[in-house]
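Numbering (the working numbering), first residue to last: 38 to 140.
In structure tokens, the structure reads:
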């Protein structure tokens, strides 16, 4: 079984990407900034073949974490970007993670 890592796999679009890979027989590793927040990721548990999915911690601004997340993945999908309505510093909280996560 191939493994796909999905950065942002719990978000609005990413959840659908996660669902498609699970339904097509892949093992799926979904990135999460805070894996202790079970309620935030509960919708993923209801997906078909959710037993083939794992949540893995990842801050895309840290290269070491990104390499650890990608290790063992046959496919890597980047579908994540931070989204918040209220931020203290838009550059730091929204733009930097988006840009650094794709460099």
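Every residue, glycine too, gets a C-beta built ideally from N, C-alpha and C.
Note that the structure is a prediction, hence the values are computed from the model and not measured.
Do you know how far the Cα of residue 59 is from the Cα of residue 83?
11 Å
When DSSP labels each residue in this structure, what does residue 50 get in the three-state scheme?
Correct three-state label for residue 50: helix.
Between which two residues does the beta strand (DSSP E) holding residue 66 run?
DSSP places residue 66 in the uninterrupted beta strand (DSSP E) bounded by 64-69.
For residue 101, does the three-state DSSP call read helix, strand or coil?
Here residue 101 sits in helix by DSSP.
State the DSSP-derived secondary structure class of residue 123, mapped to helix, strand or coil.
Correct three-state label for residue 123: coil.
Short Cβ contact (9 Å threshold) for residue 92 with residue 81
yes
Tell me the rounded alpha-carbon separation between residue 85 and residue 112.
20 Å
Under 8 Å by Cβ, that's how I've got residue 69 and residue 78 pegged, so tell me the actual separation to the nearest angstrom.
6 Å
Which same chain residues, not among the five before or five after residue 95, have their C-beta less than 6 Å away from its C-beta?
68, 102 and 106
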